[in-house]
Amino acid sequence: MGRSEDSNSEKQAKLKEISERREFLLGGLGLMGGAAAGSIGIIQSAGASSNLPPNVPAWTKTLGTGVVTNPYGQPSPFEADVKRRTVDWLTADRLASISFTPLGDIKGIITPSAVVFERYHSGLPQIDPNQHRLMIHGMVKRPLILSMDDLMRFPSTSMIRFLECSANGGMEWRGAQMDRVQFTHGMLACCEWTGVLLSTLLEEVGVSRDASWVLAEGADGSHLSRSIPMEKALDDALVVFAQNGEALRPEQGYPVRLINPGWEGNTCVKWLRRLEVGDRPWYQREETSKYTDLMPDGRAREFSFVQECNSVITSPSPEKPLRGKGKYWIEGLAWSGRGKIKKVDVSLDGGISFRPARITSLVLPRALTRFGIEFDWDGSPALLQSRAVDETGYVQPTFRQLRDVRGSSSIYHKNAIHTWKLMPDGGVANVQLS
Amino acid sequence: MSSFHRWAGFLLLVFFSTGAVGAEDRTGYYGYGSPATKAEIAGWDIDIRPDGTGLPAGSGSVEDGEMLYEEKCAECHGSFGEGVGRFPILAGGEGTLTDARPTKTVGSFWAHTSTLWDYIRRTMPFMMPESLGDDEVYALTAYVLYLNDLVEEEFVLSYTNFTSVELPNIGNFIPDPRPDTHNTRCMEKCKDPGDIAIISSVLPAKASLVNKWQLEVPAEVLPGQVIYNQYCSICHKSGLGGAPILGDSKDWKNRAAAGMPHMKQRARNGFAGEKGAMPPKGGFINLSDEAVDEAVDFMVGANQ
């Protein structure tokens with residue numbers, strides 16, 4: 001009897017211990033969930049070798065966080081280096097300035113909305129969509145004011161198109177200057193844009209037969225404005241309210257912007273508030289004193305809208321160096337404002353010879369197109385170039401060809417073949433060749 | 435195809451071709467939105483065209499413009515339009531457009547007086563867009579023309595004489611002739627190897643050679659610093675408008691003597707001091723009071 005009493009109390013004590021341990025564990029779980037939601041402080045260093053085979057990693061032996069820990073998802077904290085960057089000396093302040101897309105790290109042809117380059121002329125406005133209006137007037141039968149609800153009732157369409165600032169690469173006209181592909185080519189992005197064709201809206205207001213231009217104007221402090229030829233307005237210009245499946249990001253013009261596919265980014269007016277129909281261009285500041293291309297003879301090209309065929313190798317690049325001899329996949333992006341990419345060729349010897357690269361993505365008109373080619377690196381220096389051809393037959397020019405015609409003061413529309421110098425240590429320098 | 439289908443196809447063709455000649459009018463087909471009234475349009479229709487279309491009645495003198503310019507423009511553009519830091523240069527640069535480093539100003543490069551008038555009204559002064567009255571815009575336009583030696587000191591710009599002032603570079607804009615390069619898709623022996631020389635180069639930044647996954651997860655940035663970078667640094671980095679410069683501990687010490695609550699009140703509500711003035715919240719009225727306080731904490735802390 002005594003024995004059995006003893007073993008009974010022993011059992012009770014054990015059960016109590018188990019139950020206490022369980023409570024402690026549950027409490028701990030709750031705590032962990034809270035900590036994970038708030039910060040990245042608990043992430044272990046990637047270098048911890050105890051997580052490598054044959055050991056079982058710590059994250060495999062514990063539970064993760066629950067659903068809606070991040071109701072609006074975020075990239076892994078280990079991807080914190082993939083972000084927009086700016087170059088402060090380019091502009092007087094950050095309100096009228098630009099940041100760059102991290103081209104070295106993005107994949108495929110769609111740019112995640114969160115890292116699409118920014119360009120502001122008077123800072124980023126926070127606009128209440130309930131109080132935003134789009135006014136359409138001028139040489140029309142039926143001047144109209146549309147709320148966002150009104151606009152979104154029209155039949156909508158989606159298209160994947162690149163968006164590029166005409167000053168992309170503009171810092172390099174007088175020589176190599178930037179130390180990342182993010183800075184040499186990162187005023188560039190490609191998204192799926194959803195909205196109403198401008199032609200639908202112009203039809204709705206009844207454009208006068210004599211009309212030939214449309215002024216587009218933003219609701220930000222700069223009231224940025226550009227004159228758009230009617231031909232483009234009736235072709236594929238899109239009044240956009242969504243980007244990559246969600247509402248436009250504020251940085252991209254929330255709640256509504258214009259996209260003129262294949263044309264310089266500046267014409268794709270963000271925070272669009274007004275469209276005026278007329279019979280002549282307006283000669284606004286951003287189409288006369290800026291966004292005109294100064295030629296060596298002192299004259300300047302105006303209304304130079306199209307972004308011509310261009311390409312760049314994104315890996316290897318200054319931020320994507322090689323790590324020792326062996327086989328590598330060279331890859332990059334090509335695009336043309338005149339249509340589809342037809343071919344991309346890659347040179348390893350500074351343009352003496354080229355090999356055709358493989359197109360590895362969808363090929364869409366006026367969209368980023370991805371190419372790649374195998375490279376067996378023996379460790380010796382190489383001069384890497386890519387050269388794109390579009391469906392009109394236009395071949396991306398050399399820097400010399402471009403400078404022969406345009407000199408080096410035109411700032412905009414630099415689409416020259418770009419050269420990376422691969423060095424014996426695997427590092428990549430930005431160079432220009434004679 | 436049966437004869438019926440052929441007949442129907444013909445009828446369709448006739449229907450559409452006659453339709454195209456008359457261009458079916460679909461004005462108001464959806465009927466969404468509301469008609470824009472004259473008053474509503476007038477409030478937003480701010481553009482001016484080279485022939486003066488869109489200009490409101492009014493006038494302004496070079497003399498009035500000078501006073502306004504000193505008060506509202508000179509801190510960025512300089513007293514003579516020479517530009518402060520990287521803010522735009524407004525005057526000078528005549529004859530430099532073919533130089534290696536052209537200076538593009540209203541006098542040397544701009545094409546239309548209307549662009550100047552339009553832009554000043556549209557978005558100047560930088561910190562207070564669309565805040566000027568029509569006569570003020572006339573006066574400032576007149577003064578910038580004067581800085582470029584395009585009008586006399588006694589000049590008064592008005593609705594009636596507006597188109598009489600022509601900018602010198604008007605004739606030097608040409609249509610876009612692109613494509614203007616004609617490369618070919620050469621695959622072999624495209625260049626003589628002896629011709630290839632590196633004429634300029636930039637080495638990669640050291641940080642870019644590190645695997646991005648090995649980088650330190652960045653330390654949390656203080657919210658006050660984020661607000662400072664985004665909003666306050668425009669003036670407090672350069673001293674624009676007499677603002678105390680971050681790091682100028684002497685200047686800050688005097689101000690901090692009044693106590694933090696007082697400093698925060700000033701930042702929230704604005705104030706005018708001996709050196710200059712600060713608009714409420716630096717002009718960013720959408721900032722919350724708390725955000726302004728965070729920025730003040732950061733800026734005062736940074737000077738200790």
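Residue numbers (our numbering), protein chains in the order written: chain B, 1 to 434; chain S, 435 to 738.
Positions of the beta carbon are idealized from the N, C-alpha and C atoms, including for glycine.
| task | Would you check if the segment 686 to 697 of chain S and the segment 609 to 626 of chain S touch, i.e. whether three or more CB-CB distances between them fall below 8 Å? | result | no
| task | Compare the beta carbon distance of I109(B) and S336(B) with 7 Å and say whether it is the shorter of the two. | result | no
| field | Residues that P356(B) bridges to, as DSSP identifies them | value | D345(B)
| task | Give a yes or no on whether the C-beta atoms belonging to V256(B) and L224(B) are separated by under 7 Å. | result | no
| task | State the start and end residues of the unbroken beta strand (DSSP E) segment that holds M135(B). | result | 133 to 138
| request: Taking S380(B) as the query, report the chain S residues whose CB atoms sit under 7 Å from its CB, ordered along the chain. | output: The premise fails here: S380(B) is roughly 14 Å from chain S at the closest Cβ pair, so nothing lies under 7 Å.
| message | Is there a C-beta anywhere in chain S that falls below 7 Å from the one on V87(B)? | response | no
| request: Report yes or no: is there a C-beta of chain B within less than 7 Å of the C-beta of A692(S)? | output: no
| task | Leaving aside the five residues before and after G350(B) along the sequence, list all residues of the same chain whose C-beta is less than 8 Å from its C-beta, in chain order. | result | L383, Q385, T419, L433
| task | Would you decide whether L524(S) is buried or exposed? Buried here means 16 or more other CB atoms lie within 10 Å of its CB. | result | buried
| field | Near-chain B residues of the segment 693 to 704 of chain S (beta-carbon distance less than 9 Å), N- to C-terminal order | value | none
| message | Given this structure, state the Cα-to-Cα distance separating P713(S) from D568(S), to the nearest angstrom. | response | 23 Å
| query | Roughly how far, in whole angstroms, is the beta-carbon of F584(S) from the beta-carbon of V599(S), given that I think they are within contact range, below 8 Å? | reply | Sequence check: residue 584(S) is Leu here, not Phe. The Cβ separation is near 6 Å, so the contact holds.
| request: Leaving aside the five residues before and after F399(B) along the sequence, list all residues of the same chain whose C-beta is less than 8 Å from its C-beta, in chain order. | output: A416, I417, Q432, L433
| said: Taking a contact to mean a Cβ-Cβ separation below 7 Å, would you say P484(S) touches Y283(B) in this structure? | reply: yes
| Who are the near neighbours of F375(B) in its chain, counting only those whose CB is closer than 8 Å to its CB and skipping five residues on each side? | K327, Y328, W329, I330, L348
| task | Would you mind stating whether V439(B) and T314(B) have Cβ atoms separated by less than 7 Å? | result | In the structure as shown, chain B begins at 1 and stops at 434. Residue 439(B) is therefore absent and cannot be evaluated.
| said: Rounding to the nearest angstrom, what Cα-Cα distance links E302(B) and P559(S) in this structure? | reply: 26 Å
| query | Which chain S residues are close to Y394(B), counting only those with a beta carbon under 7 Å from its beta carbon? | reply | P613
| query | How should V306(B) be labelled, buried or exposed, when 16 other C-beta atoms within 10 angstroms of its C-beta is the threshold for buried? | reply | buried
| Under the three-state DSSP convention, the category R366(B) falls into | coil
| message | Using a 10 Å radius around the Cβ and a threshold of 16 neighbouring Cβ atoms, would you call G735(S) buried or exposed? | response | exposed
| request: With 7 Å as the C-beta to C-beta threshold (strictly closer), list the residues of the segment 212 to 232 of chain B near chain S in chain order. | output: L215, G221, S222, H223, S225
| field | Which of helix, strand or coil DSSP assigns to C666(S) | value | helix
| said: According to DSSP, is C751(S) part of a helix, a strand, or is it coil? | reply: With chain S represented from 435 up to 738, any question about residue 751(S) goes unanswered, as that position is not in the structure.
| Expressed to the nearest angstrom, what Euclidean distance is found between the alpha-carbon atoms of M295(B) and L368(B)? | 29 Å
| said: With a threshold of 7 Å on Cβ separation, who are the neighbours of F718(S) within its own chain once the five nearest residues in sequence on each side are excluded? | reply: Y665
| said: Measuring straight from C-alpha to C-alpha, what distance separates A247(B) and S50(B)? | reply: 43 Å
| Would a C-beta distance cut-off of 7 Å place D220(B) and P155(B) closer than the cut-off? | no
| field | The beta strand (DSSP E) enclosing V277(B), as first and last residue numbers | value | 272 to 278
| field | Rounded separation between P602(S) and G541(S) - CA only | value | 7 Å
| request: Using beta-carbon positions only, say whether Y412(B) and C309(B) come within less than 7 Å of one another. | output: no
| Hey, I608(S) and T575(S) are a contact pair by Cβ (cut 8 Å); roughly how many whole angstroms apart? | Not confirmed; about 26 Å, so no contact.
| task | Could you tell me the distance, in whole angstroms, from the CA atom of R612(S) to the CA atom of L402(B)? | result | 11 Å
| What's the C-alpha gap between P490(S) and R358(B)? | 59 Å
| Cβ contact check for the segment 189 to 201 of chain B and the segment 145 to 165 of chain B: 3 or more pairs under 8 Å | yes
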